[in-house]
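I have placed the structure first, in the form of structure tokens, so that the comments after it can refer back to it.
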Amino acid sequence: MGAGTSPADPASAGPEADGPDSAAEGGSTATGNTEAGSGAASAEPDGEAAAPRRSRRFPLFTRDTARPEGGGRAAPGDAPAPARQWPLLTVLCTAGAGLLIVALDPFAEAFRIGTILIGAALIAGAVLRWVVPSVGMLAVRSRFTDLVTYGLMGTLIVMLALVAQPKPWLDVPILEDAVRFTIR
Numbered sequence: 007m008g009a010g011t012s013p014a015d016p017a018s019a020g021p022e023a024d025g026p027d028s029a030a031e032g033g034s035t036a037t038g039n040t041e042a043g044s045g046a047a048s049a050e051p052d053g054e055a056a057a058p059r060r061s062r063r064f065p066l067f068t069r070d071t072a073r074p075e076g077g078g079r080a081a082p083g084d085a086p087a088p089a090r091q092w093p094l095l096t097v098l099c100t101a102g103a104g105l106l107i108v109a110l111d112p113f114a115e116a117f118r119i120g121t122i123l124i125g126a127a128l129i130a131g132a133v134l135r136w137v138v139p140s141v142g143m144l145a146v147r148s149r150f151t152d153l154v155t156y157g158l159m160g161t162l163i164v165m166l167a168l169v170a171q172p173k174p175w176l177d178v179p180i181l182e183d184a185v186r187f188t189i190r
């Protein structure tokens, strides 16, 4: 090193200072071996590099999230996008129809029927998640978590629609006692 150069000066560091692109463009480093400084793989007697041994431990830092079970496509890859996601579209269209019925209010008790349809869509999502091995984007979490979430939310929505006032379709005496105790 001369008097005017420092170790951090890229111009004085030699061919390695050009960065990873210079070695990639030429296809080799100054020694002719692209793996020269890695030390990760050892050379076999026949001249081929052995694959590094993978650990079964979880990494210290995760780089992405694992796909949930059943998170693959529900139809082959050459099928059009709607056909590949038919379970999700079934649930969304059913819930959308329920929302449309509630919003338009075309007949008596439309709010109750529309809300039951929304809850039924979530219950259908739980059933699809349980029965169909690959449900596409309907798989959000693990199978168990999706089943519990979709099923519980759908059941609660249907139950609330059935006991909604006025003139509930389902009479639950304990709810009347709870309301009487808390409000009256």
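All letters in the sequence shown, in the order written, are residues 7 to 190 by the numbering used here. Glycine included, every Cβ here is placed at the ideal spot set by N, Cα and C. Source: prediction; values computed, not measured.
For this session: Tell me whether the beta-carbon of residue 77 lies closer than 9 Å to the beta-carbon of residue 159.
Result: no
Exercise. Are residue 157 and residue 128 close, meaning C-beta to C-beta below 9 Å?
Worked result: yes
Exercise. Can you round the beta-carbon distance between residue 162 and residue 136 to whole angstroms, since I take them to be within the 8 Å contact cut?
Worked result: Going by Cβ atoms, the distance from residue 162 to residue 136 rounds to 18 Å, so no, they are not a contact pair.
For this session: Report the residue ranges of all beta strand (DSSP E) runs contained in full by the segment 110 to 156; include only those spanning at least 3 residues, in chain order.
Result: none
Exercise. What are the start and end residues of the alpha helix (DSSP H) that includes residue 185?
Worked result: 179 to 189
Exercise. Can you tell me whether residue 24 is buried or exposed, with buried defined as 16 or more other CB within 10 angstroms of its CB?
Worked result: For residue 24, the predicted model reports a pLDDT of 46, less than 50, meaning its position is unreliable; a value from the coordinates is still stated below. Exposed, by the Cβ-count rule.
For this session: Tell me whether residue 101 sits in a helix, a strand or coil according to DSSP, three-state version.
Result: Helix.
For this session: Could you work out which residue in 147, 165 and 84 is closest to residue 118 when comparing CA atoms only?
Result: For the residues 147, 165 and 84, the minimum Cα distance to residue 118 belongs to 165.
Problem set entry | Residues of its chain near residue 93, where Cβ-Cβ distance is below 7 Å and the 5 sequence neighbours each way are ignored | 80, 134, 138, 141, 142 and 144
For this session: Taking all protein chains shown into account, decide if residue 56 is buried (16 or more other Cβ within 10 angstroms of its Cβ) or exposed.
Result: exposed
For this session: Could you tell me the distance, in whole angstroms, from the CA atom of residue 96 to the CA atom of residue 58?
Result: 45 Å
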